[in-house]
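Participant:
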Amino acid sequence: MQKPFSFYLITDPHYFENSLGASGEAYDKFNLNEQKCLAETGAIIDSAFETLCADKATQVVIIPGDLVFNGEKESHRGFIKKLETLRACGKQIYVTTAGHDYSDNPTAFEGDKRIPVEGTKREELLELYNDYGYSDTLAFDARTYSYVSQIAGGVRLIALNCDGDGKDFHGFDEEQMQWIKTQIDAAKAAGDVFFAINHYPILPGSPIMAMVGDAVITNWQEVSTKLADWGLQLVFTGHMHMQTINAKTTENGNTLYDVCTGSLVGCPASIRKVTFLDEKTVEIKSSRIEDFDWEKNDMTANEYFAWRFDRMINTTIDSMVDNPEGFSRKMSKAGSKPKNLGLIKIAGKTIQKLTLGKLGRLIWIKVDPSLKNVLVRDLSVEVVRNMFEGDEPYVEGTPVHTLFMKALKRFRPVVKKTEKKLGKKHAALSAIPAFVSELIGNSGMPDNDATIELGEAIGERWVIG
0 MQKPFSFYLI TDPHYFENSL GASGEAYDKF NLNEQKCLAE TGAIIDSAFE TLCADKATQV
60 VIIPGDLVFN GEKESHRGFI KKLETLRACG KQIYVTTAGH DYSDNPTAFE GDKRIPVEGT
120 KREELLELYN DYGYSDTLAF DARTYSYVSQ IAGGVRLIAL NCDGDGKDFH GFDEEQMQWI
180 KTQIDAAKAA GDVFFAINHY PILPGSPIMA MVGDAVITNW QEVSTKLADW GLQLVFTGHM
240 HMQTINAKTT ENGNTLYDVC TGSLVGCPAS IRKVTFLDEK TVEIKSSRIE DFDWEKNDMT
300 ANEYFAWRFD RMINTTIDSM VDNPEGFSRK MSKAGSKPKN LGLIKIAGKT IQKLTLGKLG
360 RLIWIKVDPS LKNVLVRDLS VEVVRNMFEG DEPYVEGTPV HTLFMKALKR FRPVVKKTEK
420 KLGKKHAALS AIPAFVSELI GNSGMPDNDA TIELGEAIGE RWVIG
């Protein structure tokens, strides 16, 4: 391997061709509940690609899936034009596709309606992106669209596709697992450094994400163990629009790292630069979109992305009061009847108006003076945003961490009962204070900038179960 070897990683660009229709009442309503930008995607991607082109020393760019908004054919055509500009400045580009890249009935926005536009069939994606990974491979799995490429001397990319059945199963079946093992064995036999990409995370990004069905590949426990024991040590993922780096060490002492990167077009709008300093040492540096050509109401790009994110969470909180039935449907399984509407409305009003100081008085706990006037609503929004930005700041010793731990201690009988009941299904919930502590403060491996030493067995960042 030529040392050092670097590449750029971006995920979930979700490009949307604005000529299809990206304005009006229906668009504005959609935007209220959306983390990622839509009409702005072209400007954001242009800014990102300009940054990548400015780095003449780094030739490889990797994009693992959700290239467009929702399968619009015109969006694919527009995104490919942008890839062509990136390739024209000397970049080697490798992509995979994912669920948002194909659809039979995508829509655009016109006035107060969502209008149908031309879609893309999954089998069309190979031809569309033939020049971006699929045309020059060491191995190709025609069934799953996974492939292997020699992206540099002594370096192999194993590009995995976990579309599964295109419905509920987003993972690797036994046939695909055997194909993956064959490619790992071939890379080892060649003496190459190798790593994988996959759209869905192989490891959940946080304890709570282990409980969300669509947050990780369907069969992640079994798959992650096998991949690690077969010799895969590093996989780069997306899908969750979150910045996380997690690791799992198997009973055999083999460690797999999952580096999940946030969407390019929504908070935190990240770009990762990955450098193999040698065969074992991997340096990961993250940056954000510094600016893009859009009217941002005097906000910086970072402020704009954060504002968009916060608006999404605040809209959800407000719906508890304004539309409790809709909130109940959103938070329940598909087909479930709305329930507890009165309780939802009361909870929503409480979150909207209650300060942490008043909350402390209600439950008889002391609140740090710096937090007394902070609304429960505002802290809730920030905690959720921190989970997506990574490197959550509220570690042990901070006033917010202390507040959470005091509140859990005050309700210890309820907490213990919950641990006993839910811990059987989700191991992380067998110790709720530790679970909450990990959600609000990252005391383990950094999520944005990190150095990974491959081949070392480490403890898990949090309890995986």
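Each residue of the sequence shown is one higher than the one before, counting from 0 in numbering that gives the first Met the number 0.
No residue lacks a Cβ here, since even glycine has one placed at the ideal position from N, Cα and C.
#1: Within 8 Å, do at least three Cβ pairs link the segment 202-209 to the segment 165-173?
#2: To which residues does DSSP link Ile270 through a beta bridge?
#3: By the DSSP assignment, the alpha helix (DSSP H) with Phe434 in it spans what residues?
#4: Would you call Phe235 buried or exposed, if buried means 16 or more other Cβ atoms sit within 10 Å of its Cβ?
#5: Quick check: Val258 and Ile270, are their CB atoms within less than 8 Å of each other?
#6: Note down, in chain order, each residue of its chain lying with its Cβ closer than 6 Å to the Cβ of Thr10, except the 5 sequence neighbours on either side.
#7: Rounded to a whole number of angstroms, what is the C-alpha to C-alpha distance between Asp377 and Gly325?
#8: Would you say Lys81 and Phe48 are within 8 Å of each other, going by their C-beta atoms?
#9: With distance defined between alpha-carbon atoms, name the residue in Glu221, Ala185, Asn160 nearest to Ile196.
#10: Do the segment 432-442 and the segment 391-403 make contact, defined as three or more Cβ pairs closer than 8 Å?
#11: How many Å lie between Thr450 and Arg360 at the Cα?
#12: Suppose you measure from the CA of Ala426 to the CA of Met319; what does that come to, to the nearest Å?
#13: Tell me whether Val211 is buried or exposed, calling it buried when 16 or more other Cβ atoms sit within 10 Å of its Cβ.
#14: Please return the same chain residues whose Cβ sits closer than 7 Å to the Cβ of Gly464, not counting the five positions on each side in sequence.
#15: Could you tell me if Trp219 is buried or exposed, where buried requires 16 or more neighbouring beta carbons within 10 angstroms of its beta carbon?
#16: Tell me which residues share the same chain as Gly163 and place their Cβ nearer than 6 Å to its Cβ, disregarding the 5 neighbours each side in the sequence.
#17: In the DSSP assignment, the beta strand (DSSP E) including Val234 goes from what residue to what residue?
#18: Look at the alpha carbon of Phe108 and the alpha carbon of Phe15, and state the distance between them as a whole number of angstroms.
Facilitator: Let me lay it out:
#1: no
#2: For the purposes of this step, residue 270 is identified with residue 271 of the sequence shown, where counting begins at 1. Ser286, per the DSSP bridge assignment.
#3: Walking along the sequence shown from the start, residue 434 turns up at place 435. Where Phe434 is concerned, the enclosing alpha helix (DSSP H) stretches over 431-439.
#4: Taking the first residue of the sequence shown as 1, we reach residue 235 at position 236. Counting Cβ neighbours within 10 Å, Phe235 comes out buried, since at least 16 surround it.
#5: Here residue 258 refers to the residue found at position 259 when the sequence shown is read from its first residue. Here residue 270 refers to the residue found at position 271 when the sequence shown is read from its first residue. No, they are not a contact pair.
#6: The sequence position of residue 10 within the sequence shown is 11, counting from 1. Once the five neighbours on either side are set aside, the close Cβ partners of Thr10 are Pro63, Gly237, Thr260.
#7: The residue labelled residue 377 in the question sits at position 378 within the sequence shown. The residue labelled residue 325 in the question sits at position 326 within the sequence shown. Cα to Cα, the separation comes out at about 22 Å.
#8: Indexing the sequence shown from 1 puts residue 81 at position 82. Indexing the sequence shown from 1 puts residue 48 at position 49. Yes, the pair counts as a contact, with Cβ atoms nearer than the cut-off.
#9: Looking up residue 196 in the sequence shown gives position 197. Ile196 has its Cα closest to that of Asn160, out of Glu221, Ala185, Asn160.
#10: yes
#11: Here residue 450 refers to the residue found at position 451 of the sequence shown. Here residue 360 refers to the residue found at position 361 of the sequence shown. Using only the alpha carbons, I get a separation of about 44 Å.
#12: By 1-based counting over the sequence shown, the position of residue 426 is 427. By 1-based counting over the sequence shown, the position of residue 319 is 320. Using only the alpha carbons, I get a separation of about 30 Å.
#13: Here the question's residue 211 lines up with position 212 in the sequence shown. It counts as exposed.
#14: As a working mapping, residue 464 is identified with position 465 in the sequence shown. Note that Gly464 has pLDDT 30, beneath the 50 cutoff, so the model's placement of it is unreliable and the number below is only indicative. Cβ neighbours of Gly464 beyond the five flanking positions: His425, Ala426, Ala427.
#15: Start at 1 with the first residue of the sequence shown, and residue 219 comes out as number 220. Buried is the call here.
#16: If you number the sequence shown from 1, residue 163 lands on position 164. Excluding residues within five positions, the ones whose Cβ falls inside 6 Å are His169, Gly170.
#17: Counting from one through the sequence shown, the residue named residue 234 turns up at place 235. Element bounds for Val234: 233-236.
#18: For the purposes of this step, residue 108 is taken as the residue at position 109 of the sequence shown. For the purposes of this step, residue 15 is taken as the residue at position 16 of the sequence shown. Looking at the two C-alpha atoms, the distance is approximately 11 Å.
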